[in-house]
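In terms of mature numbering (1 follows the signal peptide of the UniProt record, and there is no 0), the sequence shown is residues -18 to -1, 1 to 489. We treat Cβ as the ideally placed atom computed from N, Cα and C, and that holds for glycine. Worksheet: one structure, shown below.
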Amino acid sequence: MAFHTLFLLPLLLILSLLFLMKKKIKLPQRKNTTILPPSPPKLPIIGNLHQLGEVSHQSLSKLSKKYGPVMLLHLGGIPTVIISSVEAAKMVLKVHDLNCCSRPSPAGPRRLTYNFQDVAFAPYGEYWRQMRKVCVLELFSVRRVQSYRFIREEEVESLMNFISKSSTSSTPVNLTEKLFALTASVIFKIAFGKTFQGSDFDNHRFHEVVTETEAMMGSCLASECIPYVGWIIDRLTGLHQRLERVFKELDHFFQQVIDDHKSSERKKQDHDDFIDVLLKIIKEQSGFGAAMLSEVNIKAVLLNVFLGGVDTGVITMIWAMAELVKKPKVMKKAQDEVRSVIGDKGKVSDGDTDQLQYLKMIIKEILRLHPPAPLLVPRETMSHFKINGYDILPKMLVQVNVWGIGRDPEYWENPEEFIPERFADGSIDFKGQDFELLPFGSGRRICPGIYMATTLVELGLANLLYRFDWKLPDGMKEEDINMEEQTGLSITISKKTDLQLVPVKLY
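Okay, structure coming up:
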């Protein structure tokens, strides 16, 4: 017994001393090796939402200069990584593309009665891969886009005729309004096989619905950001009701045009529009594995065409004309090129734009300075990976600030200046391989409609420059042109005020 007592006493003494000195002695602990990106100080509940400002991509660009090109924000309860450099964008969109190519699923009030919006923003998986194949091979292939040549030329000619009439009286033309009508009419005919006339959407209502849908999908809803009570805020502010109303209207319109296409009384068209192509795929259901398609899928594709195909082209053309009017020498150089190439033909045709190299530089420069979607649509991470030594965890959102990258002085000389000649050597393009210029994104989620969008932009701008000289309204000078961006949350960002110019007819 004494032996055991002598043995236990030292042990008990050591344990007692450790217990008494616990507050002074820091015992070794397992280290947390997770290193998250730097983040601005946040407030309870709302996180960093208060730091977004009226023009969020500009606010994020300023914050990234302080906290770095890989920055973590907490938008309420949503951890969001903001990417603001070429190297970091390459890591996200190329090196770790597969780790973060999903989309956040609609939640809260976004999960509506009309479920096609869930399909339109589908997460990465078999269904998404099959729909991507449909878009790339069937809807936006070079062959398909070229087959719509007559639609583009017809609608551009209609716009030129309208402007010609205005030029006789030296009346200013609202180019914002008219260019939106141009792209909307082209999209209507390509996607639906019909014009505005006779549809539930006239030009004005179509613009309203596209704008409101983009605002809804680009907004940060309280129910997604603020746990437990956010849904109450959304209902009190009417956001839920607005979403229901907009999607109900879209659902009704999409169903109407689908039913029209299925009707036996419909006249045979000269070309297959998007709905014709998709209905044929649904009928055959061949080559698409487990992703069996339905009319809901057609509506989802049409929604993406609405959001990605209308505003983007308009925004690019408007900013181009605004920058050119502010720089008369650049305008003249562009006009000299197109008038030299086209000669006395009287109009620019679809195939002529391949020869207009300076015009292509102008479009690249506009997409650098004024990308239609300054923040790429958020991606959701599916697995852990690292960027610049920081841990990016599953279920985080990742957004690339292409506006900030396009104005970064580390990659661009005089980045705030409109200088098309910076693209003269042709070494940088916007097709997703040069991470200095990412207006259409890159990787698996790159916009499949690049060729369709740029084809219409080139044709529209070339004809505006070829057929008319352009003046500012009486009493206005170049420095008076408002070059501010539209405020508010939206997928696309346009010029804040409409662009009104006076045309002087030449052809």
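Mind checking residue i: buried by the 16 CB within 10 Å criterion, or exposed?
i: leucine 25; result: exposed
i: alanine 89; result: Unreliable positioning characterises alanine 89 in this predicted model, as indicated by a pLDDT of 47, which lies under 50. The coordinate reading is nonetheless provided below. So alanine 89 counts as exposed.
i: glycine 386; result: buried
i: alanine 71; result: buried
i: histidine 222; result: buried
i: glutamine 267; result: exposed
i: phenylalanine 229; result: buried
i: isoleucine 169; result: buried
i: serine 409; result: exposed
i: proline 23; result: exposed
i: serine 245; result: exposed
i: phenylalanine 132; result: exposed
Could you pull the start and end residues of the beta strand (DSSP E) that residue i belongs to?
i: tryptophan 452; result: 450 to 453
i: lysine 176; result: No beta strand (DSSP E) contains lysine 176, which DSSP labels as neither H nor E.
Helix, strand or coil for residue i? Go by DSSP, reduced to three states.
i: leucine 225; result: helix
i: arginine 85; result: coil
i: lysine 477; result: strand
i: tyrosine 130; result: coil
i: lysine 24; result: coil
i: glutamate 190; result: helix
i: glutamate 467; result: strand
i: glycine 388; result: helix
i: lysine 4; result: Low local confidence applies: a pLDDT of 42 at lysine 4 is under 50, so the model's placement there is unreliable, with the coordinate-based value given in what follows. Coil at lysine 4, not helix or strand.
i: leucine 357; result: strand
i: serine 149; result: helix
Have a look at the options and flag the residue whose alpha-carbon is nearest the alpha-carbon of residue i.
i: leucine 338; options: Ser322, Glu347, Arg350; result: Ser322
i: proline 376; options: Cys82, Val77, Ser41; result: Cys82
i: alanine 435; options: Pro354, Glu418, Asn370; result: Pro354
i: leucine 483; options: Thr474, Leu447, Glu466; result: Leu447
i: glycine 425; options: Val359, Gly175, Ser21, Lys478; result: Val359
i: tryptophan 301; options: Glu247, Val439, Arg427; result: Val439
i: arginine 134; options: Ser167, Arg350, Met73; result: Ser167
i: lysine 176; options: Phe367, Phe162, Gln238; result: Gln238
i: asparagine 286; options: Gly58, Ser84, Lys453, Ile473; result: Ile473
i: aspartate 79; options: Ser129, Trp394, Ser365; result: Ser365
i: serine 129; options: Glu392, Phe256, Leu357, Leu275; result: Phe256
i: lysine 463; options: Leu31, Leu481, Gly328, Ser41; result: For the sequence presented, residue 463 should be read as isoleucine rather than lysine. Ranking Leu31, Leu481, Gly328, Ser41 by Cα distance to isoleucine 463 puts Leu481 first.
i: threonine 479; options: Pro485, Glu467, Thr16; result: Glu467
i: glutamate 392; options: Glu347, Ile27, Pro51; result: Pro51
i: aspartate 293; options: His39, Ser84, Thr165, Asp332; result: Thr165
Could you please give the first and the last residue of the uninterrupted alpha helix (DSSP H) stretch that includes residue i?
i: glutamine 339; result: 339 to 351
i: arginine 426; result: Neither: arginine 426 is in no alpha helix (DSSP H) and is coded neither H nor E.
i: serine 322; result: 310 to 324
i: tyrosine 109; result: 108 to 116
i: alanine 104; result: Counting along the chain, alanine 104 falls outside any alpha helix (DSSP H), and DSSP gives it neither H nor E.
So what does residue i bridge to, in DSSP terms?
i: aspartate 334; result: Beta-bridge pairing links aspartate 334 to no other residue.
i: methionine 53; result: Ile64
i: glutamate 362; result: Ser84, Leu379
i: valine 155; result: Leu483
i: tyrosine 372; result: Ile369
i: leucine 34; result: BP columns for leucine 34 are empty, so no partner.
i: glycine 29; result: Leu25, Leu57
Say yes only if the C-beta of residue i is nearer than 8 Å to one or more non-hydrogen atoms of the ligand GDP, and no if none qualify.
i: leucine 446; result: Looking for the ligand GDP in the displayed structure turns up nothing, as the structure carries no ligands at all.
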